[in-house]
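Numbering (my numbering), first residue to last: 4 to 740. Reviewing the structure listed below.
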Amino acid sequence: MRLSFESLGRATYRRRRLVLALAIVFVIFAGAWGTGVFSKLISGNTFAAPDSQSQRESDRAAAAFGRSDSDVVVLYRSADQTVADPAYRRAVTSTVAALPAADVARATTFWSSGNPGLVSPDKHATYAVLQLRGATDQDREDAYQAVKGLLGQAPAGFSAQVGGEVPTEVVINAQASANVARAESISLPVLLVLLAIIFGSAVAALLPVAIGGMAILGSLTVLRLLTLGTPVSVYSINVTTVLGLGLGIDYGLLIVTRFREELRRQPSVEQAIARTVATAGRTVLVSGVTVAVALCSLMLFPEVFLRSMGYGGVATVLVDMIAALTVLPALLAVLGHRVNALRLRRGVGRAPRAQGGWYRLARGVMRRPAAITAVIVIALLALGAPFLKISWGGTDARVLPASATVRQVQEKLDSQFAANSAAPVEALVTGAASPAAVASYIGRIEAIHGVAGATVTGSRGAGAGAATRIDIGYVPWSQSPAARQVVSEVRALAPPPGTTVAVGGTTATLVDELSSLGATLPWMALLTGLATFTLLFLAFGSVILPVKAVVMNFLSLSATFGVIVWIFQWGHLSGLLRFTPTGTIDPTMPILLLALVFGLSMDYEVFLLSRIREIYDETGDNNAAIAGGLQRTGGVITSLALLLIVVIGLFSASGIVFLKLLGVGMVVALVLDAAVVRTLLVPATMRLLGRANWWAPGPLGRLYARHGIREEESPEPVYSSRAVVGLTARENGPGEP
């Protein structure tokens, strides 16, 4: 099967004004409606695994006793009074009682509960726990906003600080939105300057930025559409905006670069557009589908955070791809030779050299391919070694800057109060159990290493429908492996006779999340691997190149993950990057990073292999195709990586640690991919493989000939043998052409 890319290019040229008119309508609609997505996204706990034991415990406990979540925590401190003073009690309880009942469903204090865990050891500090009204996270956030001003008002002689789950999510939400706006306002002008330098023409530089801007609006519109039918995490804004802008500029740069080449070869602008879409357009399609498949694998996970990233990411890539295949060719058709207007340096529009620096680099690499391959593989594996010692942990207020009040409250609760008093492990005993049986069960819980104590905090009903809630205090940090071990040992205990037990709480939620992610990850790897192999085979007709691409991506990803552990878990460069290391890594971040980096790496792989295959089909010379392909794409790939690093670097300046981790990881991956893998490792391994690069067994070869994603034949040669075949027989080596 041959897709008629050239026909698509001609049709776009002939209907260029209609295409641009529709694009303008879309941009206006997206600007007016799509930008309203910010108020439709959810924050809350989008990382938890649905239908897990911790979720069932939470649901059943809420049905039996009402919600016990620490929606809001108000921390009070007096320098000269203790909780034993009647004036202290009156000051706090009257302040809490004055909160509007329309927004606050329940308030728990030391005096209403008698819980000593709500008082600091020096007796000068205590905290009130508020449950807000509302059936959804958004309802509770609205209730918090309504009482926010009242919560910070401390009685005379007291200080009051507000923290808890809802305020933390509100702050993260606000920072994520502000980060997007700040990054867009800075990155677009910087990208425009860099593109002007790369192209040497202001007009040419504007085109990829225009596509990137359109892609951002498109990604916001798609996200808002998705919110109509499924929950979408607020963090998806950061990722889809990076993808929308980054890939928009990637594809724009590729299309514009190829169009300028074809203008010098073809007799008319129409023919140049047709050939651009037939070559670079085909590359964009294969690349876009490959990236979309990698992101599609995120939809396999039940966690809302990852699923919404998958939905938004796939939709964003499709917007980028469609814009690059239709809107950008229409713009180029209108501009024609004026694409080189407003030149900023001499030589703009001249044909690129067939044997430049990238060509010489490829020749040098191919003279010593085995040594270079061995050194790079060993280096990448060494960089990846820290990943073997990764420690998983969840997300809490410490993802925010140290100046954030909600983080300060969390740190004070951890350091000045009973261990994990605001985040106990909860055991919900359902069924008829005698007091003696419950007491025996509590005794077995308290015998577990790391448990500080267990207390019955609720009992309701009788017989089979009875429910007893036990709050379990524990010493280790709630997100630590030691705390997860406490949950595992509590779950391993036999329940009281005639009852069932569900164990939940913050730490149990993390345990279930890790279990869910671990069960789904192999399916993600299988889907991504098989889909990538199939797409690359259909694009290039080889079974060797797809396997090689997956292996190289594995090496690059392992090195990236190792660097992430070294920085964010072990704390190296934490001062420079301005974050507080927790000693753990959120498990969703490497999975999201895997999908994003795998997709972007395949993006560059497709760019390079498309040119190599193009030259190989004409000359049959493997080594000349490698050198010529790198000469044609080395500058483009390096420029793309630089531009995307600028975008990601600005987004990774976020004060939210896990977004910073994601950004730094992508920057590391892009540097490794562009500077090491594509420019050194790919030429070296393809030189070692020789003609085997293009091998496929007979049946698969016939399948490719029949159904491959192939462009229409060029009406004239794109490369002359003198321009491409630059390697002597001695340099090719024995057995090579």
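Where a beta carbon is used, it is the ideal one built from N, C-alpha and C, also for glycine.
Between residue 240 and residue 180, the gap from beta carbon to beta carbon is short of 9 Å. For the stretch 34-110, the full-length alpha helix (DSSP H) segments reaching 4 residues or more read 56-68, 89-100 along the chain. In this structure, the CA atom of residue 575 is about 6 Å from the CA atom of residue 569.
With a cutoff of 9 Å on beta-carbon distance, residue 128 and residue 415 are scored as near each other.
For residue 594, the enclosing alpha helix (DSSP H) stretches over residues 591-622.
Distance from residue 166 to residue 78 at the Cβ level is roughly 7 Å; contact confirmed, criterion being Cβ atoms closer than 8 Å. Put simply, the stretch 311-325 touches the stretch 207-227. At least three CB pairs are less than 8 Å apart. Annotation for residue 161: the continuous beta strand (DSSP E) segment containing it runs 161-166.
When the Cα atoms are used, residue 222 and residue 652 turn out to be separated by approximately 20 Å. Going by DSSP, residue 380 is part of the alpha helix (DSSP H) stretching over 372-387. Spanning the alpha carbons of residue 641 and residue 337 requires a straight line of approximately 29 Å. Judged by pairs of C-beta atoms under 8 Å, the stretch 66-75 touches the stretch 168-179, as three or more such pairs exist. Bridge partners of residue 134 according to DSSP: 109. For residue 666, the enclosing alpha helix (DSSP H) covers residues 660-675.
For residue 531, the enclosing alpha helix (DSSP H) has its first and last residue at 509-543.
Per the DSSP secondary-structure output, residue 395 pairs in a beta bridge with 588. Excluding its 5 nearest sequence neighbours in each direction, residue 365 has C-beta neighbours in its own chain below 6 Å: 629, 630, 633, 686, listed in chain order. Taken atom to atom, the span from the alpha-carbon of residue 115 to that of residue 136 is near 19 Å.
Contact annotation: residue 197 and residue 215 have beta-carbon atoms that are not nearer than 9 Å.
Counting every other CB atom within 10 Å of its CB across the protein chains shown gives residue 449 a total below 16, marking it as exposed.
Residue 326 sits away from residue 602, with the two beta carbons spaced by 9 Å or more. Taking 4 residues as the shortest admissible run, the stretch 142-206 contains the following complete alpha helix (DSSP H) segments, listed from N- to C-terminal end: 168-202. Excluding five sequence positions before and after residue 608, the CB atoms of its chain that fall closer than 7 Å to its own CB belong to 552, given in chain order. Residue nearest to residue 315 within the set 657, 246, 362, 97 is 246 (criterion: CA-CA distance).
Contact check for residue 194 against residue 490 fails: the beta carbons are separated by 9 Å or more. Nearest in C-alpha terms to residue 307, of all of 49, 478, 661, 635, is 49.
For residue 476, the three-state secondary structure derived from DSSP is strand. By the CB criterion at 9 Å, residue 370 and residue 206 fall outside the cutoff.
For residue 689, the closest of 606, 405, 265, 626 by C-alpha to C-alpha distance is 626.
Contact check for residue 659 against residue 182 passes: the beta carbons are separated by less than 9 Å.
In the DSSP assignment, residue 128 forms a beta bridge with 80. When the Cα atoms are used, residue 250 and residue 178 turn out to be separated by approximately 24 Å.
The Cβ neighbour count for residue 558, taken over all protein chains shown within 10 Å, is at least 16; the residue is labelled buried.
The C-beta separation of residue 479 from residue 453 comes to about 6 Å, placing the pair in contact by the 8 Å criterion.
Look at residue 656 here: in three-state DSSP terms it is coil, with no helix or strand label.
Here residue 148 is exposed, its C-beta having fewer than 16 other C-beta atoms within 10 Å.
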